[in-house]
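Inspection log for the structure reproduced underneath, given as structure tokens.
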Amino acid sequence: MEDRVLVWRLNRGDGTALARVYEKYRDDLLRLAASVLGDTAAAEDIVQDVFVRFAAAARAFRLTGSLKSYLATCIANAARNDLKAGRRRMTAGLDEQTAGASDAADPERWMTSSEQFALVSGAMRELPAEQREVVTLHLYGDMPFREIAEWQKASIKTIQSRYRYGLDKLRSLLNGEMET
Amino acid sequence: MRSPKKTEKFIKGASVGADEMRNAGVLKRMQEVYASSAPAVPAQRPDYWGLIFESRLARFAAAAVILLSLLIIIGEFGTLVTGGNVAWADVTQRFQSVPFFYASIYMKSDAVAQPQHFELWMGKSGNSRIHVGSQVIFSRDGHVIRAFDIRQRREVEADPAAMNIIQVLATPEEFSLETLIRSISAGKLVDITPAMNAQAAVGQDLAVFDAPCAVSPGWVRIYALRKSRLPVGLRVWDPAEGFVVEALITYAREQPAISFDPEAFAARLHDPAGSEAGLAYLFLKDPGGREISPEDAPK
């Protein structure tokens with residue numbers, strides 16, 4: 073409901089609504105991007121880019137579902153393109169591309185991770201890309217399996233299986249950490 | 012920690028933060044591109060009718076828009092019904108003379124959904140009071156002052172749907188039927204001015220007006236009294252989903268100031284003698300002279 077009103081305000085020229093959209097979804101989108109990419113710098117670039125593109129299109133934006141799902145899909149698309157283009161590496165610390173990016177010039181990171189997120193993110197890297205997408209889109213993007221199925225062009229059963237396998241693997245990887 | 016639920020909880024509980032300086036930078040950049048996307052020509056007025064029909068989720072906020080529309084139509088119907096015999100100044104004066112209205116609004120998001128009921132008391136002074144579910148919400152000029160849960164007998168966060176209605180009611184720009192027509196004429200509505208629907212009016216004392224929507228099969232129907240030209244009912248109907256909003260509007264003398272006073276309400280919240288029904292309608296008076304709070308009713 074709130075998102076509808078926010079989009080409505082943006083459609084009619086009320087730019088102050090951007091701050092609320094940003095504040096509301098920033099952290100989840102950063103978590104989503106960082107988990108899918110396994111690279112904080114790349115995640116920051118993508119999230120910033122998605123927010124800026126959203127702001128540019130906000131006056132004519134038409135919301136047909138959940139705003140969070142929409143933004144999460146944008147992040148996932150951008151992350152997938154990024155990975156496909158080979159511009160990012162899943163191995164942390166090997167990102168050469170960020171050297172030329174505007175954010176890289178700033179020594180301070182935008183995103184700060186908790187110890188728990190570092191553990192989760194590390195475990196996520198062990199998952200196949202499709203499972204990682206399903207788990208992160210569902211848990212951080214709040215996307216229902218039906219929407220993820222449409223996005224991955226797979227059946228809902230396949231998506232549910234990917235989620236279950238992904239979660240099982242994460243559970244075994246994180247088991248010791250979760251016990252503490 | 013074996014269950015999937017616990018794994019999900021652990022993953023979802025893994026938090027991240029964001030540097031404040033960088034946040035400000037990103038937000039600034041967003042504001043800049045948003046500002047630069049402004050059209051060269053003056054922006055169109057908001058498309059309230061589009062909002063009404065655009066989405067199921069938007070419709071709760073749209074209820075407030077409907078009420079705003081009604082307020083305008085109070086003034087405009089004179090012209091529409093009599094074909095221009097009523098001067099605009101008279102219409103404006105008449106509209107301004109309505110000191111208070113009460114609206115009972117039922118909204119149903121689809122054919123099988125349970126309806127949600129809102130009661131809205133709105134005064135000329137900008138004070139309003141909403142009763143929805145177990146909440147009583149006080150607001151002024153579009154801002155929630157205090158909200159109370161009369162079942163839990165404590166102050167709470169206002170119901171989000173009610174809060175959005177209050178926010179939309181506070182839309183600062185001038186709202187008129189002309190604005191509405193300009194907005195609608197962007198192509199959303201087939202027929203801009205609500206047209207008299209003689210078939211729908213059973214009695215001669217009732218005028219019925221329809222405004223169809225081009226983007227969905229829905230329409231708005233307004234029931235008005237011919238003689239007084241006051242709209243008394245409104246129905247928004249989208250047969251595609253069975254979405255419906257029905258509003259019954261009554262006009263009366265303004266309620267006593269204390270009925271809009273959240274402090275006075277809060278002082279009575281913990282009164283053990285007060286019932287839930289008593290709190291829901293505390294300090295309100297029925298314009299017909301009957302007591303509507305059980306505590307005030309004759310024993």
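Top to bottom, those sequences are chains B and X.
Going by the working numbering, the first residue of the first sequence is number 73, and it counts up by one from there.
Going by the working numbering, the first residue of the second sequence is number 12, and it counts up by one from there.
Cβ atoms here follow ideal geometry from the backbone N, Cα and C, with glycine treated the same way.
Just so we're clear, the structure is a prediction, and the values are computed from it rather than from any experiment.
Local Cβ density within 10 Å of residue i, reported as buried at 16 or more and exposed below that
i	result
R140 (chain X)	buried
L131 (chain X)	buried
H142 (chain X)	buried
I269 (chain X)	exposed
G110 (chain B)	buried
T136 (chain B)	exposed
T88 (chain B)	exposed
K140 (chain B)	buried
M329 (chain X)	Residue 329 (chain X) lies beyond the stretch modelled for chain X, which goes from 12 to 310, so this question has no answer here.
R218 (chain B)	exposed
S185 (chain B)	buried
N83 (chain B)	buried
D121 (chain X)	exposed
P15 (chain X)	exposed
S47 (chain X)	exposed
Q163 (chain X)	exposed
E287 (chain X)	exposed
S107 (chain B)	buried
R81 (chain B)	buried
D152 (chain X)	exposed
Q125 (chain X)	exposed
K241 (chain B)	buried
Three-state secondary structure assigned by DSSP to residue i
i	result
Q146 (chain X)	strand
L295 (chain X)	coil
E95 (chain B)	helix
Y254 (chain B)	Because chain B in this structure spans residues 73 to 252, residue 254 (chain B) falls outside the shown range and cannot be described.
A128 (chain B)	helix
V167 (chain X)	coil
E363 (chain X)	There is no way to answer for residue 363 (chain X), as the model of chain X reaches only from 12 to 310.
T136 (chain B)	coil
D141 (chain X)	Before going on, a small fix: residue 141 (chain X) reads as Ile here, not Asp. DSSP places I141 (chain X) in strand when its eight states are reduced to three.
I303 (chain X)	coil
D111 (chain B)	coil
D152 (chain X)	coil
S14 (chain X)	coil
D100 (chain B)	helix
D8 (chain X)	For residue 8 (chain X) there is no data in the structure shown, the boundaries of chain X being 12 and 310.
L217 (chain X)	strand
A29 (chain X)	strand
D240 (chain B)	helix
G36 (chain X)	helix
T145 (chain B)	helix
L78 (chain B)	helix
Y86 (chain B)	In the sequence on display, residue 86 (chain B) carries Asp and not Tyr. Coil.
D249 (chain X)	strand
A172 (chain X)	helix
I161 (chain X)	coil
G194 (chain B)	helix
Length of the line joining the Cα atoms of residue i and residue j
i	j	result
L38 (chain X)	Y94 (chain B)	7 Å
S115 (chain X)	L259 (chain X)	5 Å
F21 (chain X)	E187 (chain B)	12 Å
V192 (chain B)	G253 (chain X)	45 Å
L295 (chain X)	Y262 (chain X)	14 Å
M41 (chain X)	V124 (chain B)	5 Å
A25 (chain X)	F189 (chain B)	4 Å
V247 (chain X)	Y117 (chain X)	10 Å
T90 (chain X)	A218 (chain X)	Low confidence applies here, because T90 (chain X) scores a pLDDT of 40, under 50, leaving its location unreliable; read the following figure in that light. Answer to the nearest angstrom: the Cα atoms are 13 Å apart.
D100 (chain B)	H210 (chain B)	11 Å
R134 (chain B)	A128 (chain B)	13 Å
A291 (chain X)	F112 (chain X)	18 Å
L199 (chain B)	L239 (chain B)	9 Å
V90 (chain B)	M133 (chain X)	Reading off the sequence, residue 90 (chain B) comes out as Leu, not Val. Distance between the alpha carbons of L90 (chain B) and M133 (chain X) is about 30 Å.
H281 (chain X)	V119 (chain B)	48 Å
A148 (chain B)	A195 (chain B)	18 Å
G285 (chain X)	R279 (chain X)	8 Å
I303 (chain X)	H128 (chain X)	18 Å
9 Å Cβ cutoff, residue i in contact with chain A
i	result
S185 (chain B)	Chain labels in this structure do not include chain A; the protein chains are B and X.
Q. Of all the beta strand (DSSP E) runs that stay within the bounds of the segment 111-139 of chain X, which reach a length of 3 or more residues?
A. Taken in chain order, the unbroken stretches of beta strand (DSSP E) that lie wholly in the segment 111-139 of chain X and span 3 residues or more are 111-119 and 127-134.
Q. Between the segment 20-38 of chain X and chain B, which residues of the former have CB atoms less than 8 Å from a CB of the latter, in chain order?
A. Those would be F21, I22, K23, G24, A25, S26, V27, G28, A29, D30, M32, R33, N34, V37 and L38, in chain order.
Q. For the segment 111-122 of chain B, which residues have a beta carbon sitting closer than 7 Å to at least one beta carbon of chain X?
A. Residues of the segment 111-122 of chain B that bring their beta carbon within less than 7 Å of a beta carbon in chain X comprise Q120, in sequence order.
**Q.** chain X contacts from the segment 84-107 of chain B (Cβ-Cβ distance under 8 Å)
**A.** When C-beta distances to chain X are compared with 8 Å, the residues of the segment 84-107 of chain B below that value are R84, G85, G87, L90, A91, Y94, R98, D99, L102, R103 and A106, in chain order.
Q: Please list the residues of the segment 115-139 of chain X that have a C-beta atom closer than 8 Å to any C-beta atom in chain B, keeping them in chain order.
A: Near chain B, meaning a CB-to-CB distance below 8 Å, no residue of the segment 115-139 of chain X qualifies.
(Q) Using a Cβ-Cβ cutoff of 7 Å, what residues of the segment 201-214 of chain B are near chain X? List them in chain order. (A) Near chain X, meaning a CB-to-CB distance below 7 Å, the residues of the segment 201-214 of chain B are L211.
Q.
Beta carbons nearer than 7 Å to chain X: which residues of the segment 224-250 of chain B have them?
A. Going along the segment 224-250 of chain B in chain order, one finds L239, L242, R243, L246, N247 and M250 with a Cβ nearer than 7 Å to chain X.
Q: Taking only beta carbons into account, state which residues of the segment 131-154 of chain B come closer than 8 Å to chain X, listed in chain order.
A: Here the close residues are R131, R134, L135 and T136.
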